[in-house]
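Q: In the working numbering, the protein residues as written are 26 to 289.
We treat Cβ as the ideally placed atom computed from N, Cα and C, and that holds for glycine.
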Amino acid sequence: MFPGDFMVDDALVLTDLPTVLGRIGTLAAELNVPAYVVGGYVRDRLLGRDTSGRDFDIVVLGDGVAFAHEVSRALGLRPVVTFERFGTAMIPIPAERGGGQLEFVGARAESYAPESRKPDVRPGTLAEDQARRDFTINALAADLHPDRLGAVIDPFSGLADLAAGRLRTPLEPSATFSDDPLRMMRAARFAAQLGFAVDQDVKDAMVGMGDRLAIVSQERITVELMKTLAAPAPSVGFKLLFHTGLLNRILPELVAMAGVEEIA
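1) Roughly how far, in whole angstroms, is the beta-carbon of L187 from the beta-carbon of V84, given that I think they are within contact range, below 8 Å?
2) Go through its chain and collect everything with a Cβ distance to D234's Cβ below 6 Å, but skip five positions before and after it.
3) Give me, in chain order, the residues of the same chain whose beta-carbon lies closer than 8 Å to that of T269; leave out the 5 immediate sequence neighbours on both sides.
4) Cβ of L272 within 8 Å of Cβ of V280?
5) Using the C-alpha atoms, what's the distance from G65 back to A217?
6) Look at the Cβ atom of F129, then the Cβ atom of T161, and state whether they are nearer than 8 Å.
7) Just how far apart, CA to CA, sit G123 and S77?
8) Would you call the CB atoms of A185 and A176 closer than 8 Å?
9) List in chain order: all unbroken beta strand (DSSP E) runs of 3+ residues lying wholly within the segment 119 to 193.
10) Measuring alpha carbon to alpha carbon, tell me which residue in R79, S260, A114, R110 is nearest E95.
11) Taking 8 Å as the threshold (C-beta atoms), are V58 and D82 in contact?
12) A222 to L250, Cα distance in whole Å?
13) Helix, strand or coil for A258? Go by DSSP, reduced to three states.
14) Nearest-angstrom Cα distance between A53 and P195?
15) Let's see if you can read the secondary structure: which residues bound the beta strand (DSSP E) around P277?
16) Look at F263 and T253 and say whether their C-beta atoms are less than 8 Å apart.
17) Considering only residues of the segment 210 to 274, which uninterrupted alpha helix (DSSP H) runs meet the minimum length of 4 residues and lie entirely inside it, listed in chain order?
18) Based on the DSSP output, what are the partners of I83 in its beta bridges?
19) Contact check, P148 vs A132 under 8 Å by CB: the rounded distance?
20) Does the distance from the CB of G125 to the CB of R79 come in under 8 Å?
21) When you compare each of V241, Q225, A239, A156 to A200 by their alpha carbons, which one comes out closest?
22) At what residues does the alpha helix (DSSP H) containing V90 begin and finish?
23) What did DSSP end up calling T107 once you bin it into helix, strand or coil?
24) Is DSSP giving T113 helix, strand or coil here?
25) Can R214 and A283 be called in contact, C-beta distance under 8 Å?
26) Starting from L52, trace the alpha helix (DSSP H) both ways and give me its first and last residue.
27) Which one of L169, F108, I240 has the shortest CA to CA distance from L207?
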């Protein structure tokens, strides 16, 4: 068992979801729009980590942008920021109502051109949406329907990986990293943040696919490096980057210092 959950008919259920998620679930049921909270919030709730004032990723089977506008009107939240190309929308949550933000997207499947990180998207199933996530622990979803509120949906054994402290990809690592090479940097970041072991297949893919980082902007790489540095154990992430050869591609100057004695 994980902190703050219980079992119903052999299904894991998150308890005490924030009020805003319950209201979103009620609205979704009224509109006959299946809705789920996916990713980091579910992962951190199961791990017993602090989730106050954080972002909520909401996946709906349908038009995520249209549903975001319905939520905004029903909950009195403004404004809705939309990203039409990707079919996503964001609503900030005022500090007096808990802070953070709501991010909405319609369940989708993605395909990538070899030279680009910008995907072509099409409507998909919840399972297809979960499959496009970076790691199994981030592919966990919790149902928001009032009759199933908090029920965890886990098609890729993310719960077992959470319990084992292990990072695996939902698909073959080569497919996951080829689609979005920045996910290799995220492996280092999550290893440093969570203290999780990285699956050997994931490490092997990082070794073999380092050249794919060339299509990632320096700005995105820098963001991941800064998050790794801010983690409880940044050395874990940097050691992973070093041993997989990725550090030499992004910070060769640092690699050149390996083995140099420090002079007091």
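A: Reading off the structure:
1) Not confirmed; about 19 Å, so no contact.
2) What sits at residue 234 in the sequence shown is Met, not Asp. Within the same chain, M234 has close Cβ partners F202.
3) Result list for T269: M209, K228, M231, V232, G235, in chain order.
4) In this structure, the beta-carbon distance from L272 to V280 falls below 8 Å.
5) Rounded to whole angstroms, the gap between the alpha carbons of A217 and G65 is 15 Å.
6) Against a cut-off of 8 Å, the Cβ pair of T161 and F129 comes out as no contact.
7) C-alpha of G123 to C-alpha of S77: approximately 7 Å in a straight line.
8) Here A185 is not near A176, since their CB atoms are 8 Å or more apart.
9) Listed in chain order, the complete beta strand (DSSP E) runs (minimum 3 residues) inside the segment 119 to 193 are 126 to 131, 133 to 136, 145 to 148, 166 to 168.
10) For the residues R79, S260, A114, R110, the minimum Cα distance to E95 belongs to A114.
11) The criterion of a C-beta distance shorter than 8 Å is not satisfied by D82 and V58.
12) Each residue's Cα considered, the two are about 18 Å apart.
13) DSSP places A258 in coil when its eight states are reduced to three.
14) Each residue's Cα considered, the two are about 27 Å apart.
15) In the DSSP assignment, P277 falls outside any beta strand (DSSP E) and lies within the alpha helix (DSSP H) extending over 277 to 281.
16) Yes, the Cβ-Cβ distance between F263 and T253 is below 8 Å.
17) The alpha helix (DSSP H) runs of length 4 or more contained entirely in the segment 210 to 274 are, from start to end of the chain, 225 to 233, 243 to 254, 259 to 268.
18) V62, F129.
19) Confirmed, Cβ separation roughly 7 Å.
20) Yes. Within cutoff.
21) Comparing Cα positions, the closest option is A156.
22) Segment 89 to 100, the alpha helix (DSSP H) holding V90.
23) In the three-state DSSP reduction, T107 falls in the strand class (E or B).
24) The three-state reading of DSSP puts T113 in strand, counting E and B together.
25) In terms of Cβ geometry, R214 and A283 do not form a close pair [threshold 8 Å].
26) For L52, the uninterrupted alpha helix (DSSP H) segment begins and ends at 44 to 55.
27) The shortest Cα separation from L207 among L169, F108, I240 belongs to I240.
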